[in-house]
Each structure stands twice: as structure tokens, then as C-alpha cells.
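Just so you know, full-length UniProt numbering puts 174 at position 174 of the sequence shown, and the rest follows in order with no gaps.
Glycine included, C-beta positions come from ideal geometry on N, C-alpha and C.
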Amino acid sequence: MANEDIKFWSDPSRWPRDTNDYVFICQAVLIVGKAIFGDEWTGDEPITPPPFYFWTGAPNGLRPLVQSEASQQQKVQMHRLLMTHSPQFKREPIRYGRWGPPSIQFRHEECSAGLQIANDIDASHALRRDRFTRAQWFLVSALSEGHLASRLRPIRGGAFSDDLPSSIWNGEDFSARFFWGQMNPSSPFGVGVGGDRHQYIFVSREQLTALLKIDGKPTDPSPQSEGPILQPDAFSRFDSIVMDQDPMGMSQWSLGIAMLWITYRSAERMRMRVGNLDMLLVSDGAGTPREVTAARRDLLNAMQDGRVVATATPISGINDGRVFRERHRETSATEWKPLDSQRIWTLQDRDGMRHLVWLGGDQYFDDVRVNRASVMNEWPAIGQADAAKNELDPQDHLPSEPPFPILLPGSVPAMRRTVKAAQRFMRDHGFQTLTKAEAEEQILKVLHAGTQVLRREVVSEISSDGKRRPQASLANRDKELADCREFLTNDDQRD
Numbered sequence: 001m002a003n004e005d006i007k008f009w010s011d012p013s014r015w016p017r018d019t020n021d022y023v024f025i026c027q028a029v030l031i032v033g034k035a036i037f038g039d040e041w042t043g044d045e046p047i048t049p050p051p052f053y054f055w056t057g058a059p060n061g062l063r064p065l066v067q068s069e070a071s072q073q074q075k076v077q078m079h080r081l082l083m084t085h086s087p088q089f090k091r092e093p094i095r096y097g098r099w100g101p102p103s104i105q106f107r108h109e110e111c112s113a114g115l116q117i118a119n120d121i122d123a124s125h126a127l128r129r130d131r132f133t134r135a136q137w138f139l140v141s142a143l144s145e146g147h148l149a150s151r152l153r154p155i156r157g158g159a160f161s162d163d164l165p166s167s168i169w170n171g172e173d174f175s176a177r178f179f180w181g182q183m184n185p186s187s188p189f190g191v192g193v194g195g196d197r198h199q200y201i202f203v204s205r206e207q208l209t210a211l212l213k214i215d216g217k218p219t220d221p222s223p224q225s226e227g228p229i230l231q232p233d234a235f236s237r238f239d240s241i242v243m244d245q246d247p248m249g250m251s252q253w254s255l256g257i258a259m260l261w262i263t264y265r266s267a268e269r270m271r272m273r274v275g276n277l278d279m280l281l282v283s284d285g286a287g288t289p290r291e292v293t294a295a296r297r298d299l300l301n302a303m304q305d306g307r308v309v310a311t312a313t314p315i316s317g318i319n320d321g322r323v324f325r326e327r328h329r330e331t332s333a334t335e336w337k338p339l340d341s342q343r344i345w346t347l348q349d350r351d352g353m354r355h356l357v358w359l360g361g362d363q364y365f366d367d368v369r370v371n372r373a374s375v376m377n378e379w380p381a382i383g384q385a386d387a388a389k390n391e392l393d394p395q396d397h398l399p400s401e402p403p404f405p406i407l408l409p410g411s412v413p414a415m416r417r418t419v420k421a422a423q424r425f426m427r428d429h430g431f432q433t434l435t436k437a438e439a440e441e442q443i444l445k446v447l448h449a450g451t452q453v454l455r456r457e458v459v460s461e462i463s464s465d466g467k468r469r470p471q472a473s474l475a476n477r478d479k480e481l482a483d484c485r486e487f488l489t490n491d492d493q494r495d
């Protein structure tokens, strides 16, 4: 099934034929994408390659994979990236023998270069994937709200079904339906993408045309709304922020982006996660890191205390399907009080995509945004907060982002050179601000790819009285770790 969806989307000749009354749902995605994004829509969005997965989850966030954790497929991907984009490493093509795939190893500098290449490629693809997802969810929102009718048609042809109920589009994950534009009417929420019981999905051409203006822009049912959010209502079902902006340059953040910042407090790491993931953050969508969803409670508490300023569009009631929206404005802390800890999960709409907050009764806040400056003031960037401390609190812990990456020696001799360098550092310098256990933990991270015996050689050199000096700030500890990293990097080349 690998890339079968890309093959399908890249060849519209394989698609079922549209009629005067109905449009194949994949064709509808292309129509909506062009209408929403205009010249930004390239048409290649559906065939954007998936992101690389050279990262792994950790208690304090993401970190790069080390060689011992990478799968054979990931190593092959890294190898091909280096061959294509970094010819200076002179990687030879992989030759498969009769006994299976060969062992693939990387030097530290190759790992660093490969990760950077993958990150750059993912960043260039992120906007395309985001546009594709937004176009899909424009349709899903219209279908679930009853503004767009859908029908099924047998794969081999035949009569269309009756209109499907709008509730069949009420959910969070519809990726299976957009894989080949098919659905199994007997199991509409199943994970299968095709099969004997699947049928093609079509939508009403007339209603789709009515949802889009002649000039190619989505209709905006709330032209009187004002405030920092100026996107049409079609986008309010997603994020209401044009995601080709750098989040650090935005004056207002969505709830999802704010939660990412609270979790990572690093512009670089936040940028890596912004995009499609942000659509999952206000729901229980699969793939959202647990530590990110935990930040929801902290954000709400800050909004209730007035430490974080939020803007929103109040909804005063819904009558006969009509939504009564007030003007977008700044909210007060007291207006968030009804959302206690037991009701924190109401920070989501039924489709998990709209930043709609239910306050009880028929009171809602829509298009919720928080002031970026107030969020960053409450949760300063890592390094800024640590440097502001004059001394260590007994409850302080090591920074969640170590100031140096894990070394990935490519051979036992290279590993032993690193061991010797680490031993010299322990003997000549040592750690003055970390306990023995903390120093041991950091060195083991540096030597993660080494054998247990070699790692023990270094750990045995660690000397410490097990006490922290009271004047040692987290910034000083960061500096010592950085000095250790620099020493190992430079000294590793001498032996």
C-alpha cells in the first residue's frame, strides 16, 4: 500500500467520471483548493511525499533517533538523502546480497547532515500538505453541517445512492475516505481504504458551486466580524491563521500553537510541529503528544487568571440553524471561569477542528486566539527562564533540551576515541554543578551508541561529591555541558 494514494492522486485518468449533477470527491478537493488558495495552489498538494520520521518521543519531547533505534527503512532513507544532497560523503549505492540487506552505518557528521536535509525537505513540503488538508476539511465541514450533499456510486458503475446523512461526516479522521475517494457503506468509519464493498464518493455539484464564490474565494457569512483574524469563515473550521507565516511573527496564536509553545518553549521545535498537527490539538486526535495535550490545562488556567489575554467571537445563541455571532473582541478573565478543570475537554468542537469553546447553555466562544506576547511572558523560552534564576531550587531538573546532540560514532575505533576524550574531560575538568548521577546520565547520553563496556569506562571516571553548589544556575550547568560537548568534538580528532 506504500504510496498507492500518491499514485492514485497523480493520475486522474483512473478516477470515476463526474456527471452534470455530481463531482467525484477527489476532484472536489482540487476545486476547493484552487478556490481557497488561488495561485498558491499548485495542484501537486495531494502527491506531496509524507514527512520523514527520524524522531522519537521522549518524556520531555522529541529527540532525533540514534542509530540503534532506527529501522532498516529509516537508514535506507537517510542513506539516499545523503547520496542525493550531500555527495561530499561519497556514499555508495546499497547493494543487496543473497543474505538480505547490508548493515548501514553513519558517522556523526553524516547523521547531523541527514537530519538537516530531512528537516529542510519536510519544511518545504509542510505548506503543501497543510493546503491539501485544509481543502479536505472544507468539504468535511460542509458535509457534516448539511451544506453539501454526498452520495455513493458502485466502483464498476451504476446508480447513485440516496443522499448520505450528514452525521456520516461527523468525526475526526477521514483520511481513509480521501485515500482513493471511497467508502464502505456497511462500515463508514472503518479504516479500510478500498475493497469489494467500497464505493466511490461524490458530492453535489450545485451545492459545491454555491459554497464558492465566482471569484474563487470561499463565502464569508460573518462580514461584520472584526479583529486580528481576517480569514474567511471557511478557515475558521481549521486554524484561522495562514500557516505560511512564521508563528514567531504572529501577534495572535491559536490554542494549538500556544500549547506547542508551552510544551517545548523553543521556536525551532515548535515550528517543526506547527501545521497539520495543530488541527488535532484541541481534540483527542491520534498522534498528538500527551505532553502537548497536558498543556491545555495550564493554558486555560492562565486565561482564567488573566495572565494570558484571549480574543474570541462570542456566539449568543443558535436558533433554527442560524448562528448569532457578535463582534470579535478581547475577552475578560471572568468569562473563562465557567470552564473548570472537569470541563477542560470542552475546548473542542464536535469535528475536533474548530476552535469553538462551549461555556455552558447556549454560550460559546468561536475563533479563539491568545496573545503571543502574553503566552511567551508566562512561559519564557528555554534558556531565558533558566538564566533568570540566581540559584538552583531543590526541585530543579536538567533542561529539557540538552545543549549538544547525541554523538553517533560510526565505528568502534571512533567510539574509543570519544571514550578517551570523555575520560580526559572527566579527569581534567569534570562537572562542578551536577551530581554524580546527573553527570553520569549526561555522559551516557553522549555515548548512547557505544557498547555498555565502553560507556562504563567513562562513567568510572566521573568524580563528584554528590552535592550541587548552591550558586550554580541552570545557565552555568548548560555551559558545562556545552563545554563537555565541545571538548569531545574537538579532542575526538586528535587520537
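Coil, strand or helix - residue i by DSSP
| i | result |
| --- | --- |
| residue 201 | strand |
| residue 1 | Any reading at residue 1 must be qualified, since the residue scores a pLDDT of 48, below 50, and its modelled position is unreliable; the value itself is stated next. Coil at residue 1, not helix or strand. |
| residue 11 | coil |
| residue 95 | coil |
| residue 74 | helix |
| residue 212 | strand |
| residue 67 | coil |
| residue 241 | Residue confidence for residue 241 is low, a pLDDT of 40 falling below 50, so the modelled location carries little weight and cannot support an answer. |
| residue 81 | helix |
| residue 164 | coil |
| residue 175 | helix |
| residue 124 | helix |
| residue 336 | helix |
| residue 89 | helix |
| residue 46 | helix |
| residue 16 | coil |
| residue 188 | coil |
| residue 110 | helix |
| residue 54 | coil |
Buried/exposed call for residue i, threshold 16 Cβ in 10 Å
| i | result |
| --- | --- |
| residue 96 | exposed |
| residue 189 | exposed |
| residue 71 | exposed |
| residue 25 | buried |
| residue 496 | Here the chain has residues from 1 to 495 only, and residue 496 is not among them. |
| residue 196 | exposed |
| residue 247 | buried |
| residue 16 | buried |
| residue 73 | exposed |
| residue 109 | exposed |
| residue 254 | buried |
| residue 133 | buried |
| residue 68 | exposed |
Own chain partners of residue i with C-beta closer than 7 angstroms, once the 5 adjacent residues on each side are dropped
| i | result |
| --- | --- |
| residue 526 | Because the chain is modelled from 1 through 495, residue 526 falls outside the range shown and cannot be assessed. |
| residue 91 | 79, 82, 83 |
| residue 191 | 176 |
| residue 28 | 139, 203, 208 |
Residues that residue i bridges to, as DSSP identifies them
| i | result |
| --- | --- |
| residue 150 | 203 |
| residue 370 | 253, 310 |
| residue 24 | 202 |
| residue 105 | According to DSSP, residue 105 bridges with nothing at all. |
| residue 330 | 311 |
| residue 498 | The shown model of the chain, from 1 to 495, leaves out residue 498, and the question about it has no answer. |
Sequence-distant residues of the same chain with beta carbon closer than 8 angstroms to residue i, five excluded per side
| i | result |
| --- | --- |
| residue 312 | 328, 329, 331, 357, 365, 366, 367, 368, 369 |
| residue 94 | 76, 79, 101, 102, 104 |
6 angstroms CB neighbourhood of residue i in its chain, flanking five on each side removed
| i | result |
| --- | --- |
| residue 371 | 309 |
| residue 113 | 86 |
| residue 5 | 179 |
| residue 194 | 180, 182 |
Test: residue i CB closer than 8 angstroms to a CB of chain D
| i | result |
| --- | --- |
| residue 24 | Annotation note: the requested chain D is absent from the structure, which comprises a single protein chain. |
| request: Count the C-beta pairs between the region 183 to 202 and the region 146 to 156 that are closer than 8 angstroms, then say yes if the count reaches three, no if not. | output: yes
| Are the region 41 to 48 and the region 80 to 89 in contact at 8 angstroms, needing three or more beta carbon pairs? | no
| query | Would you call the region 164 to 179 and the region 114 to 121 touching, i.e. three or more CB-CB distances under 8 angstroms? | reply | no
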